[in-house]
Each structure stands twice: as C-alpha cells, then as structure tokens.
Amino acid sequence: MKVGLVTYTPEKVEGFDLHVFYSKWADGSVSPAAREMQNDITCFCDAKAIREDPSIVAVSNNGPALRKNRKINIPFDFVCPTNPEYRAKVLDYVEGLGREKIQGVTLNLYHFPEEEFCVCPRCVELWRQSGLNWTEWRAQAITDFLKEAKRLVKGAFAVEMFPDPVLAKERFGIDFERIAELVDYFHVPLSSRDYLTNYWVDLLARDFLKVLKKPMVVELSAEMLTDEKTDALLKTMAYLSRHNLMGVLLLVHDSENARQVCRYAVNNTDFREWLKKYEFTEMTRIADEWVKLY
Ligand SMILES: [Zn+2]
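Numbers given in my numbering equal positions in the sequence shown, counted from 1, plus 116.
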C-alpha cells in the first residue's frame, strides 16, 4: 500500500509516495501546475465564477445550487455541468497542465450537485433530445465530460467522488461502471474532523472496493491534529492497510503537518508495538520507513 498526501502547498515530503496538490479550488482560485505531482482540479464548483455571472449556476425546482439555499444541502456552489463556456474553461485548464511536467490529473466535483439538478432550459432541452431517462441522461452528460477531459490529461488520470457507493449515479450522474473504463484509479475522500469513531471508514472502503472496478486510494483528513486524534488517524490507516487498496492519502495543510504525523508514529512506541502485536504488517512496514527518516 502506498501512502500519500493531499496538500494545499506544492511541496513533496519524505516518506510519502503519492503527492496530490489542489491546483483548482471550489472558491475559484487556480494555481500554476505542481510539477512531478498529481494535480487535483475542482471542475464545476466555482464560487468566484458564479459571483461574476450568476446565470451559470445549476438550478432545480428548489432553487439554485448555492450553499446559502437552505432548501437543499450542498457543500459548494455548483455551475451547471452542461454550460459550454464553463466546460471549455475547465478543459483549457486541464490542457494547460498537460503542457507541464506533471504526474497526472485528478478531477473532483465534475458532476451534478444532486438528483434534482439541473433543470435549466439548456439541460431540459438536451435531456429531451437524448431520448434517455433522467438518470441515464445525467450520467451520460458527466461521462462525456470525463471522456473529453481524459483526452487532454497527461499522466495518471483519476477522479474523486462524493463518497456514496450506492446512489452516486442517481444523485450525481456518477456512473462508476463507465468511469472505470476511463480512469487509472479512483480517489475516495473519507473526510472527517477526526477518526475517534471510525467504523464508517472501514464500511465505505469495503463497499467502494466492491463497486469500483479499478484501483482505489482512500483519503483521510490529517489536519487539526492532537495526540488523541493522530493516534486514531494512524490506527484507522492501519485497519485500511488490511484491505486491497492502492494507497491511503492524508489531507494536510502543509509539509510540516505531514511530518508531524510521521513523528508521532516514530516516537510513539506503544503505537508501533500495537501494530506488531496485531500483525498489521503493511502499516508496520510504512512506520518502519518513517523511523529511518524521522
Ligand atoms: Zn443546466
């Protein structure tokens, strides 16, 4: 199992094999390509673009896909995924990254905000013309976008998803079967403020491993750490290491945050004895690597 980082700063850290950099954020800010790293692009969530042109927002009978719309419950503001100008803008950015020496591209938030979106006149017209039912049309619209993006991606191609293994197609237009044909691996974010309660991580990892027909990495949040939270995070990683995962990624603020996790594992002999006692061989190997470095 690989271990990696998801970061807001384009720095590599010793002891980690995969480096994912957030190059385009949901607030609309964009960064230059992070060289030798996997560049993670937020596609249709762009608060800045929606502020500049409110007409591009995805709409439903319960109103627009905005966080401030309390009739719905969404974490970001969503642009309509069939907006041709906005799609072109995202694809231009993907193409631009391909001109740099990057490791690859991960797309996130490339889908509809929820099941009742989008009923803008363009989407309704495209749906009618397709002859497909609502679920199939929405899934096709998203898969077609990913196909276009894949042609422009240099290196490894991955996608994130809202972590719903059962209703992803109905809710978001995410068709795991079709998408598996396009991607090199899936990136499953299981974000939390802490992992003191962690049964759901194991549960969702098992479900996604059953559903996804390509390799898979799981992302855990490693920000805002206390000793208690770090211990719970590392034990959750250890349980994940018993599954057939390509890797576990830790979301950190910066490189110091990542080193802090390694140092905790290195200095905490109780934790490393716990790994050995319960025969977490893969996690023991990872911790032993960190001991050599930290
Ligand atoms: Zn629309």
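Glycine residues also receive a C-beta, built at the ideal position from the N, C-alpha and C atoms.
Quantities reported herein were computed from a predicted structural model and do not represent experimental measurements.
Beta-carbon separation (whole angstroms), MET353 vs MET332, contact threshold 8 Å: Numbered from its first residue, the sequence shown carries residue 353 at position 237. Numbered from its first residue, the sequence shown carries residue 332 at position 216. Taking C-beta atoms under 8 Å as the contact rule, MET353 and MET332 fail to qualify, at a distance of about 15 Å.
Beta-carbon gap between VAL382 and VAL407 smaller than 7 Å: For the purposes of this step, residue 382 is taken as residue 266 along the sequence shown, with counting starting at 1. For the purposes of this step, residue 407 is taken as residue 291 along the sequence shown, with counting starting at 1. Their beta carbons are under 7 Å apart, which means VAL382 touches VAL407 by this criterion.
N-terminal and C-terminal residue of the alpha helix (DSSP H) that ALA296 is part of: If you number the sequence shown from 1, residue 296 lands on position 180. Element bounds for ALA296: 292–296.
Exposed unless 16 or more other CB atoms sit within 10 angstroms - verdict on SER337: Start at 1 with the first residue of the sequence shown, and residue 337 comes out as number 221. Buried is the call here.
Status (buried if at least 16 other CB within 10 Å, exposed otherwise) for PRO170: Within the sequence shown, numbered from 1, the residue matching residue 170 stands at position 54. The residue in question, PRO170, is exposed, as its Cβ has fewer than 16 Cβ neighbours within 10 Å.
Check your reading: residues with Cβ closer than 6 Å to ligand 1 heavy atoms: Result: ALA174, CYS196, THR198, CYS234, CYS236, ARG238, CYS239.
Three CB pairs or more closer than 8 Å across the region 232–249 and the region 189–199: In the pairwise beta carbon analysis, the region 232–249 is classified as touching the region 189–199: at least three pairs are separated by under 8 Å.
Cβ pair LEU121, LEU366 closer than 7 Å: In the sequence shown, counting from the first residue as 1, residue 121 sits at position 5. In the sequence shown, counting from the first residue as 1, residue 366 sits at position 250. In this structure, LEU121 places its C-beta atom within 7 Å of the C-beta atom of LEU366.
Own chain, CB closer than 8 Å to GLY212, minus 5 neighbours either side, in chain order: Residue mapping note: residue 212 aligns to position 96 of the sequence shown, counting from 1. These residues qualify, in order along the chain: ALA149.
Cβ-Cβ separation, GLY214 to LEU409 (assumed contact under 8 Å), whole Å: The sequence position of residue 409 within the sequence shown is 293, counting from 1. The sequence position of residue 214 within the sequence shown is 98, counting from 1. LEU409 to GLY214, Cβ: 32 Å. No contact.
Residue from PHE137, PRO281, MET399 whose Cα sits closest to the Cα of SER371: Position 255 of the sequence shown holds residue 371. It is PHE137 whose Cα lies nearest to the Cα of SER371.
Beta-carbon gap between LEU298 and LEU262 smaller than 7 Å: Reading the sequence shown from its first residue, position 182 is the one you call residue 298. Reading the sequence shown from its first residue, position 146 is the one you call residue 262. Against a cut-off of 7 Å, the Cβ pair of LEU262 and LEU298 comes out as a contact.
Nearest candidate by alpha-carbon position, reference CYS159, set ASN178, ARG151, GLU231, SER139: Translated into the one-based positions of the sequence shown, residue 159 becomes position 43. Of ASN178, ARG151, GLU231, SER139, the residue nearest in Cα terms is SER139.
Cβ pair count under 8 Å reaching 3, the region 223–238 against the region 174–181: Contact between the region 223–238 and the region 174–181 is present, with at least three C-beta pairs closer than 8 Å.
ARG294 beta carbon less than 7 Å from that of THR259: One-based indexing of the sequence shown puts residue 259 at position 143. One-based indexing of the sequence shown puts residue 294 at position 178. Contact: yes.
Per-residue DSSP class, three states only, for MET353: Within the sequence shown, numbered from 1, the residue matching residue 353 stands at position 237. Helix at MET353.
Contact under 7 Å by Cβ, PHE387 with LEU328: Numbered from 1 along the sequence shown, position 271 holds the residue referred to as residue 387. Numbered from 1 along the sequence shown, position 212 holds the residue referred to as residue 328. LEU328 is positioned such that its CB atom lies no closer than 7 Å to that of PHE387.
Delimiting residues of the alpha helix (DSSP H) encompassing PHE387: Position 271 of the sequence shown, counted from the first residue, corresponds to residue 387. Here the alpha helix (DSSP H) through PHE387 covers 385–393.
Short Cβ contact (7 Å threshold) for ASN155 with VAL221: As a working mapping, residue 155 is identified with position 39 in the sequence shown. As a working mapping, residue 221 is identified with position 105 in the sequence shown. Cβ distance < 7 Å, so ASN155 and VAL221 count as in contact.
Residue from ASN373, GLU216, ARG358 with nearest C-alpha to GLU68: Summary: the structure shown does not reach residue 68, with the chain confined to residues 117 through 410, and so no result is reported for it.
Cβ-based neighbour list, ALA142, same chain, cut-off 6 Å, excluding 5 preceding and 5 following: As a working mapping, residue 142 is identified with position 26 in the sequence shown. Spatial neighbours of ALA142 in its own chain (CB-CB distance under 6 Å, excluding positions within 5 residues in sequence) are listed in chain order as THR158, CYS161, PHE192.
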